[in-house]
Structure formats: structure tokens, C-alpha cells
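Undergrad: First, the structure itself, so that you have it in front of you.
Number of protein chains: 2
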Amino acid sequence: MSQTVDRALSILPLLAQGPADLGQVAERLGVHKSTALRLLRTLHEHGLVHRQQDQRYRLGARLFALAQEAVENLDVREIAHPYLTALNERIGHTIHLAVYEEGEVVYIDKVESRYPVRMYSRIGKPVAITVAAVAKLLLADLPEPERRAVAAKLDYPPYTPRSTPNAAAFLKELATVREQGWATDLGGHEESINCVGAPIRGADGRVVAAMSVSAPNVVVTAEELLTLLPQVRDTADAISREYSGTAPTKEASA
Amino acid sequence: MSQTVDRALSILPLLAQGPADLGQVAERLGVHKSTALRLLRTLHEHGLVHRQQDQRYRLGARLFALAQEAVENLDVREIAHPYLTALNERIGHTIHLAVYEEGEVVYIDKVESRYPVRMYSRIGKPVAITVAAVAKLLLADLPEPERRAVAAKLDYPPYTPRSTPNAAAFLKELATVREQGWATDLGGHEESINCVGAPIRGADGRVVAAMSVSAPNVVVTAEELLTLLPQVRDTADAISREYSGTAPTKEASA
DNA sequence: AATGAGCGTTGCACATCCTGCAACGACCAC
DNA sequence: GTGGTCGTTGCAGGATGTGCAACGCTCATT
């Protein structure tokens with residue numbers, strides 16, 4: 001692995017915490033100022049860092065551009081999107097699409113009733129991975145050792161009394177999810193929000209993404225939300241079929 | 001500037017266009033495969049690229065994490081947010097906050113009626129920079145030479161008949177915006193959407209950000225939208241005062 | 001005004017680290 | 001079974017990154 005690049009990339013998370021000047025970057029990187037300067041300049045030329053008026057560096061706009069383009073090129077997302085909006089038009093609630101990647105669960109699409117906005121607001125954050133329905137679905141499909149490893153490393157914040165309390169409970173929940181082929185989050189993240197989710201599978205049967213429907217208690221009870229499960233699973237299955245090439249490729253209706 | 005880092009970073013926009021395998025990366029980078037491999041590995045270790053099952057590389061989730069943290073650490077955004085939501089509660093329409101950075105205009109916050117969602121969906125994209133009210137505000141404040149340079153380099157896509165047609169018209173519009181201290185987009189991007197915006201200034205009087213209110217024609221006419229201008233300007237001014245330290249610092253009400 | 005400290009910047013000599021080569025192994029198609 | 005493609009590895013040569021020291025700038029201090 002390349003030392004120079006390694007150092008340069010280490011600057012990014014450092015700046016993510018907040019702006020820093022040359023001296024701080026050099027110190028936290030453990031290199032000479034002149035070295036840090038050259039690295040920062042290179043990052044700057046690529047638009048990944050930006051220099052503000054006070055000469056301090058912070059992350060640049062190109063980063064958003066990259067993240068944006070990246071998410072738009074995810075083929076699962078592209079395939080799934082019309083199905084998600086179609087489902088949304090029928091049932092009206094918020095729909096999420098998420099993927100698992102190297103220890104993290106990331107929302108890659110969202111459809112909100114009447115507002116078809118893609119929102120990435122939670123992206124990258126440690127998003128309730130211990131309670132979210134999509135997270136359960138994605139983790140439930142991991143190979144045994146990785147699943148245990150991930151579960152052991154996680155924190156289990158008690159968002160609500162119904163949040164997953166610890167690794168043991170989580171693994172047990174994952175086993176259930178794995179067996180039944182769908183997942184819920186009943187007030188585990190926010191007291192009044194319930195979710196039902198289903199997995200999207202690739203040609204080899206592995207879970208490549210997960211989708212969920214969320215609704216507040218005041219609109220539909222948890223029981224009512226569960227009656228939507230068949231529709232959610234049907235949608236997920238339809239996406240799975242198209243994604244794995246086993247289905248009518250150019251049709252996104254119900 | 002560092003050659004190694006330069007090459008490594010050049011991989012990112014390359015992968016933004018879509019997944020690529022080692023050979024493609026090496027070729028498009030003009031380096032040997034083994035070199036490309038080492039660079040990709042380093043990027044991978046930092047989570048910036050991800051390797052999918054077919055061994056091809058694509059951009060990784062850490063990129064979102066960085067973009068997310070970056071946007072959350074922008075102090076303008078942090079200061080402005082409560083003002084934006086307060087205004088939104090009064091008038092109900094969609095509110096945007098944007099900044100200018102090295103030739104690009106980027107949305108850094110958005111408040112939608114009843115849905116206080118931060119949406120970054122347009123981030124990084126060449127977002128209607130020739131017609132958006134916030135873009136006009138930000139560009140209008142650039143120093144003369146840079147303004148001309150940017151205007152000359154832009155494309156002027158005819159989104160609608162009312163879109164800015166060319167650089168001359170754009171510069172003229174910017175002059176107007178600069179003089180009057182506010183800007184509009186009346187159907188210049190989408191036929192049925194109008195916007196009014198106002199600038200947010202730092203202590204030195206320079207425009208550091210811009211905000212706008214958007215509403216579809218069917219809800220409010222352009223004339224009605226313009227009656228909101230005083231409120232928009234007041235909000236922008238209030239943010240400016242707090243941002244530049246000339247105001248009650250811990251108050252975000254109307 | 002003068003002085004000094006702090007910070008970013010530059011040019012350079014050294015040697016570290018990156019590069020490209022060639023060979024190996026895995027996988028797939030024919 | 002065989003040929004081809006692609007990712008991977010170890011290595012030697014040298015290009016490239018590194019740290020040093022000195023300079024200039026701005027700002028705070030006396």
C-alpha cells in the first residue's frame with residue numbers, strides 16, 4: 001500500500017471533524033509541514049479539500065459530487081427505484097432502500113409520500129444498525145463468522161425501551177429474520193415509528209440490498225403495518241427477479 | 001504536487017462514472033497494472049473504493065460518510081438551519097441554502113414543508129447554476145474577473161423558454177441581482193416553479209451563502225411569492241448578523 | 001513605529017518509496 | 001486439455017517524495 005496516498009487520504013477523515021490549518025494537519029499526520037502542504041495541495045487540485053478565507057482547510061465540494069455520482073451508479077438502486085415509487089404510490093408511506101458495505105449499513109434511496117426526494121441525510125452515520133429493519137435483513141445474511149464479528153463490535157444504544165439491548169439479543173433477532181425472510185423495527189429507534197422490511201437478493205441468492213416501509217404509530221398501528229408485509233415482500237421479490245435477470249427486465253409496474 | 005496522490009485521486013472521478021476492473025483503471029490512468037493495483041488497495045483501505053463480487057471496483061461508502069460529516073461541519077449551515085426551519089414553519093414552502101465553491105454551487109441544506117429533511121440529492125451536480133436564484137446571488141458577488149470567467153465557461157441549457165440564454169444575459173442578470181440585493185428564478189428551471197432568494201453575508205460584507213424559497217405556480221403565483229420577499233430578506237439578514245457575530249448569538253426565532 | 005513570534009511557502013540534497021517489468025497462478029472459454 | 005485473460009507478487013532501478021533550513025508575510029506586542 002502506498003505510503004504517500006495513505007497519508008493523503010488520512011487527511012480526509014481528519015478534516016471531516018472540522019477545519020484545520022497546515023500545522024495541525026502536519027502534526028496529526030506526523031509529517032513535516034512541507035509534506036503536509038504538498039499533500040493538501042494535491043487534494044485541493046482535485047477539489048477534495050477547500051481552503052477557506054482564514055487559510056484553514058476543510059473538505060471540498062467535489063466530495064459531494066463524487067458521493068452523488070456514486071449513489072446514482074448503483075445498479076440495485078437504479079433497478080429498484082421505479083418499484084419503490086410504485087409501492088409508495090399504493091401505500092403512501094416512507095420507503096427506504098439500503099445496502100451493507102464493510103461493516104456499515106447505508107441508505108441509498110428513499111421515497112417519501114408525495115415527495116419523491118432522494119435523501120442521503122443519514123448516509124455514513126452509524127444509523128441505528130442494531131434496530132433498523134433493513135440493517136437486520138442485511139446483517140442476517142452475512143456469513144456466520146462475519147455476522148458474529150460485526151455483532152460483537154457494535155454498540156447497542158438504548159434509543160427506546162424496545163431497542164436491541166446487546167449482541168446476544170441481536171444475533172437471536174438476526175436468526176429469526178433470516179428464517180422468516182423479513183424483518184421489523186417496532187419502535188426500536190423512535191418510540192412512535194414502526195417499519196417492515198424485506199430483502200432483495202441477487203442471482204446467487206445472497207442479499208444485496210434491503211427495503212423497508214416506515215410509518216408512525218399515529219397513522220397506522222404496528223398490526224396494520226404488518227398487513228402490508230405481503231406487498232413489501234412482493235415488491236422486494238420483483239426487484240430481486242429483475243436484478244438477477246430472472247424476470248421481465250423492462251417493467252416496473254405492480 | 002504529488003504524482004502518486006494525484007494518480008490515486010484521479011481514480012475516483014473515473015470510478016464515479018461506473019464500476020471498472022483493474023485493467024481499465026490502469027489503462028485510463030496510463031500506468032502499469034501493478035501500480036493501479038497498489039493505488040486501488042490504498043483507496044480501498046480507506047473505504048473510498050469498494051470491491052464488488054465481480055472484482056470490479058466502485059466508489060465506497062466512506063465517501064458518503066465524509067460528505068455527510070463535511071456538510072454537518074459547515075458553520076453557515078449550522079447557524080442558518082434554525083432560521084430556515086422557523087421561516088418554513090411560517091410560510092410552508094421549500095427552502096434551500098447554498099454556497100459557492102470553486103466554480104460550483106452546492107446546496108448544503110433544504111427544508112421542505114412538514115418534512116424537515118436534509119436532502120443532498122442535487123449536491124455536486126451542475127445544478128441549474130445559470131438560472132437558480134441562489135446561484136445568481138452567489139455569483140453576483142464574485143469579483144468582476146472571476147464572475148466573467150465563470151460566466152464565460154458555463155453552458156446555458158434552455159430548460160425552459162425563460163432560462164438564461166447566454167453569458168451576456170447572465171452577466172446582466174447578475175448585475176441586477178447585485179444591485180437589488182435579491183434574486184428570483186421565475187420558471188427558468190422548471191416551467192411551473194418560482195423562487196425568491198436573498199444573500200447571507202459575512203462580517204466583511206461578502207456573500208458567504210444564499211437562501212431561497214421555492215413554490216409551484218399552482219400553489220402561489222409569482223406575484224404572491226414575491227410578497228414573501230421581505231420575510232426572506234429578513235431571515236437572510238438575521239442569519240448574516242449572527243454569522244458575522246453582530247447579533248444576538250443564541251436566538252433563532254422570528 | 002519597531003520588534004518578535006507564528007505560520008505558510010520555497011529550493012534542495014538525500015534516500016525512501018514508488019514504478020514497471022516479468023513471471024506466476026487462478027479462472028474461464030473454447 | 002489448452003489457450004487466453006486477469007489479478008497478484010517480488011524485485012531492482014531510479015524517479016519521486018521527504019525533511020531541513022531559510023525566507024517572507026501577517027499580526028500581536030511593547
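Heads up: the sequence lines are chains A and B, in that order. Residue numbering for the first sequence follows the UniProt record's numbering, starting at 1 and increasing by one per position. Residue numbering for the second sequence follows the UniProt record's numbering, starting at 1 and increasing by one per position. Think of the CB as a built atom: it goes at the ideal place given N, C-alpha and C, for glycine as much as any other residue.
Of all the options A/R77, A/G18, A/E27, A/V131, which has the alpha carbon lying nearest to the alpha carbon of A/I193?
TA: Ranking the options by Cα distance to A/I193, first place goes to A/V131.
Undergrad: Comparing the C-beta of A/E69 with each C-beta of chain B, is any distance below 7 Å?
TA: Cβ-Cβ to chain B under 7 Å: yes for A/E69.
Undergrad: Please return the same chain residues whose Cβ sits closer than 6 Å to the Cβ of B/Y120, not counting the five positions on each side in sequence.
TA: The predicted position of B/Y120 is uncertain, since its pLDDT is 48 and thus under 50; a value taken from the coordinates is nonetheless stated next. Closer than 6 Å at Cβ, skipping near neighbours: no residue.
Undergrad: Just to check my reading of the structure: A/P165 and A/Y159 have Cβ atoms closer than 8 Å, yes? What is that Cβ distance to the nearest angstrom?
TA: Wrong, their Cβ atoms sit about 11 Å apart, outside the cutoff.
Undergrad: Output needed for B/R147: all residues of its chain with C-beta closer than 8 Å, excluding positions within five of it in sequence on either side, in chain order.
TA: Contacts found: L139, A140, L171, L174.
Undergrad: Let me know the secondary structure DSSP gives B/R148 once reduced to three states.
TA: Correct three-state label for B/R148: helix.
Undergrad: I'd like to know if B/N73 contacts chain A, where contact means its C-beta is closer than 7 Å to some C-beta of that chain.
TA: With 7 Å as the cut-off, B/N73 counts as an interface residue toward chain A.
Undergrad: List the DSSP bridge partners of A/M211.
TA: Partner(s): A/L97, A/A198.
Undergrad: Starting from the N-terminal side, write out each stretch of the beta strand (DSSP E) that is 3 residues or longer and does not extend beyond the region 31 to 70 of chain A.
TA: Listed in chain order, the complete beta strand (DSSP E) runs (minimum 3 residues) inside the region 31 to 70 of chain A are 49 to 51, 57 to 59.
Undergrad: With 8 Å as the limit, tell me which residues of the region 35 to 51 of chain B have their beta carbon closer than that to any beta carbon of chain A; keep them in chain order.
TA: If the cut-off is 8 Å between Cβ atoms, the region 35 to 51 of chain B has R38, L39, R41, T42, L43, E45, H46, G47, L48, H50 near chain A.
Undergrad: Could you name the residues of the same chain whose beta carbon sits closer than 7 Å to that of B/L14, not counting the 5 residues immediately before and after it, in chain order?
TA: Correct list, in chain order: A20, V25, R28.
Undergrad: In the region 165 to 189 of chain B, which residue ranges form an unbroken beta strand (DSSP E) of at least 3 residues, counting only runs that do not cross its ends?
TA: Here the runs fully enclosed are 183 to 186.
Undergrad: On the DSSP letters alone, give me the boundaries of the beta strand (DSSP E) that B/E104 sits inside.
TA: Its beta strand (DSSP E) spans residues 104 to 111.
Undergrad: Counting contacts by CB-CB distance shorter than 7 Å, is A/M211 in contact with chain B?
TA: It does not: the Cβ of A/M211 has no partner Cβ on chain B nearer than 7 Å.
Undergrad: Sort B/A168, B/G205, B/V127 by Cα distance to B/G181 and report the nearest one.
TA: Looking at the Cα atoms, B/G205 is the closest of the given residues.
Undergrad: What do you reckon, are the CB atoms on A/G188 and A/S214 nearer than 7 Å?
TA: No.
Undergrad: Closer than 8 Å by beta-carbon distance: list the chain B residues that pair up with A/S214, in chain order.
TA: Residues of chain B passing the Cβ test: none, with the nearest at roughly 13 Å.
Undergrad: Is there contact between the region 74 to 89 of chain A and the region 97 to 105 of chain A, where contact requires at least three CB pairs shorter than 8 Å?
TA: Yes: the two stretches touch, three or more of their Cβ pairs being nearer than 8 Å.
Undergrad: List, in chain order, every chain B residue whose beta-carbon is nearer than 7 Å to that of A/G18.
TA: Those within 7 Å of A/G18 in chain B are N73.
Undergrad: Could you pull out every residue in the same chain whose Cβ sits closer than 8 Å to the Cβ of B/G202, ignoring the five residues on either side in sequence?
TA: Correct list, in chain order: V208, S240, Y243, S244.
Undergrad: For the region 215 to 228 of chain B against the region 69 to 79 of chain B, do three or more pairs of beta-carbon atoms, one drawn from each stretch, fall closer than 8 Å, so that the two count as touching?
TA: As far as the Cβ criterion goes, the region 215 to 228 of chain B does not touch the region 69 to 79 of chain B, which means the pair count is below three.
Undergrad: Determine, using beta carbons only, whether A/A198 and A/A236 come nearer to each other than 7 Å.
TA: Going by C-beta atoms, A/A198 is nearer than 7 Å to A/A236.
Undergrad: Count the other C-beta atoms from every protein chain shown that fall within 10 angstroms of the C-beta of A/H46, then say buried if there are 16 or more, exposed otherwise.
TA: Answer is buried; the Cβ neighbour count reaches 16.
Undergrad: What in chain A is Cβ-close to B/F170, meaning under 7 Å?
TA: The premise fails here: B/F170 is roughly 21 Å from chain A at the closest Cβ pair, so nothing lies under 7 Å.
Undergrad: Measure the CB-CB distance between B/V196 and B/V218 and report whether it falls below 7 Å.
TA: It is not a contact, given that the beta carbons lie outside the stated cut-off.
Undergrad: When the cut-off is 7 Å and only beta carbons count, does A/V106 lie next to chain B?
TA: Yes, because at least one Cβ of chain B sits closer than 7 Å to the Cβ of A/V106.
Undergrad: Going straight from the alpha carbon of A/E101 to that of A/R62, what length do you get?
TA: If you take the alpha carbons of A/E101 and A/R62, they lie about 22 Å apart.
Undergrad: What are the boundary residues of the alpha helix (DSSP H) that A/T235 is part of?
TA: First-last of the alpha helix (DSSP H) with A/T235: 229 to 243.
Undergrad: Below 8 Å on the Cβ atoms is my contact criterion, and I expect A/L59 with A/L12 to pass it. Report the Cβ-Cβ distance as a whole number of Å.
TA: Yes, they are in contact, since the Cβ atoms of A/L59 and A/L12 sit about 7 Å apart, within 8 Å.
Undergrad: Looking only at C-alpha atoms, which of A/A149, A/D234, A/V76 sits nearest to B/G18?
TA: Ranking the options by Cα distance to B/G18, first place goes to A/V76.
Undergrad: Rounded to whole angstroms, what's the CA-CA distance from B/P161 to B/I129? Just pull it up for me.
TA: In a straight line, the C-alpha of B/P161 is about 16 Å away from that of B/I129.
Undergrad: For the alpha helix (DSSP H) that contains B/T85, what are its first and last residues?
TA: 75 to 91 is the span of the alpha helix (DSSP H), which, as asked, contains B/T85.
Undergrad: Hey, could you find the ends of the alpha helix (DSSP H) A/P13 is sitting in?
TA: Run containing A/P13: 3 to 16, per the alpha helix (DSSP H) assignment.
Undergrad: When you compare each of A/D234, A/L142, A/R38, A/E190 to A/V177 by their alpha carbons, which one comes out closest?
TA: When each option's Cα is compared against that of A/V177, the closest is A/L142.
Undergrad: What are the partner residues of A/A20, as DSSP defines its beta bridges?
TA: According to DSSP, A/A20 bridges with A/Y57.
Undergrad: Under three-state DSSP, which class holds A/L225?
TA: In this structure, A/L225 counts as helix in the three-state DSSP scheme.
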